[in-house]
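Line by line, the protein sequences are chains A and B.
For the first sequence, the working numbering assigns the number 2 to the initial residue and increments by one for each residue that follows.
For the second sequence, the working numbering assigns the number -7 to the initial residue and increments by one for each residue that follows.
Where a beta carbon is used, it is the ideal one built from N, C-alpha and C, also for glycine.
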Amino acid sequence: AQSVTQPDARVTVSEGASLQLRCKYSYSGTPYLFWYVQYPRQGLQLLLKYYSGDPVVQGVNGFEAEFSKSNSSFHLRKASVHWSDSAVYFCVLSFNSAGNKLTFGIGTRVLVRP
Amino acid sequence: EAAVTQSPRNKVAVTGGKVTLSCNQTNNHNNMYWYRQDTGHGLRLIHYSYGAGSTEKGDIPDGYKASRPSQENFSLILELATPSQTSVYFCASGGGTGGNTQYFGPGTRLLVL
């Protein structure tokens, strides 16, 4: 069975600092990977997704993620965070290209201090 | 921009009562999904649908039913609500014109007393 591990439940960073959120997945086939963000009291929004090709994918609002098959990882990065980046970030795995069934990590809550 | 709406946004129910959560999407997506979100679990799939008239069990379907009467509407039904069903419920749509991205509604907070 597939699974997603986000080892950091909470991350606190200062505004302007860089951010990296870790994600490890477990799946024997070809993974389809997503990062979603949930702002307070809102639904989830897609940041970026990876299916194949260049292992570094760009997303919205300056986020990027890097896929590593050898490490079974899909880490999210941002060079300089803003207070508005405070949210919960979910790493998500799908095992089909239609994205019909998603497996979510437990999420990492990010707090950006002014 | 994809649009998924949910009603009610907040609900208080009594144990043993019937609860219906509604979801509407205006994107003409074929697929719709119901998830619940609990601390320490991320989102977990309850039921999903590939189109009007179809419903499929997700990973945690026990205690829940679903109904998809039309392309736009997808309901989650708790026939006999229990306190363990206290949670935040999210509806999502995707597939078809939406491709493989799922678009989420704002969520419904359900408290079962």
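1. Starting from Gly34(B), find everything on chain A with Cβ-Cβ shorter than 7 Å and list it in chain order.
2. Do the CB positions of Ser46(B) and Arg60(B) come within less than 8 Å of each other?
3. Can you list, in chain order, the residues of its chain whose CB lies under 6 Å from that of Ser95(A), leaving out five sequence neighbours each side?
4. By the three-class DSSP mapping on this structure, what secondary structure does Val104(B) have?
5. What ranges does the beta strand (DSSP E) occupy inside the region 2 to 28 of chain A, keeping only unbroken runs of at least 3 residues that lie completely in it?
6. Measure the C-alpha to C-alpha separation of Trp84(A) and Arg114(A) and round it to an integer number of angstroms.
7. When the Cα of Ala5(B) is compared with those of Asn92(B), Gly99(B), Leu70(B), which residue comes out closest?
8. Assuming Trp26(B) is part of the beta strand (DSSP E), what are its boundary residues?
9. Do Gly106(A) and Val14(A) come within 8 Å of each other at the CB atom, strictly closer than that value?
10. Tell me which same chain residues have a C-beta within less than 6 Å of the C-beta of Pro56(A), skipping the five on either side of it?
11. For Thr12(B), which of Ala(-5)(B), Glu64(B), Leu72(B), Pro53(B) has the nearest alpha-carbon?
The answer reads as follows:
1. Neighbours of Gly34(B) on chain A, chain order: Phe91, Phe105, Gly106, Ile107, Gly108.
2. yes
3. Tyr33, Leu103
4. Residue state, collapsed to three classes: strand.
5. The region 2 to 28 of chain A contains these whole beta strand (DSSP E) runs: 4 to 6, 11 to 15, 20 to 22, 25 to 27.
6. 7 Å
7. Leu70(B)
8. 23 to 30
9. no
10. Glu67, Phe68
11. The shortest Cα separation from Thr12(B) among Ala(-5)(B), Glu64(B), Leu72(B), Pro53(B) belongs to Leu72(B).
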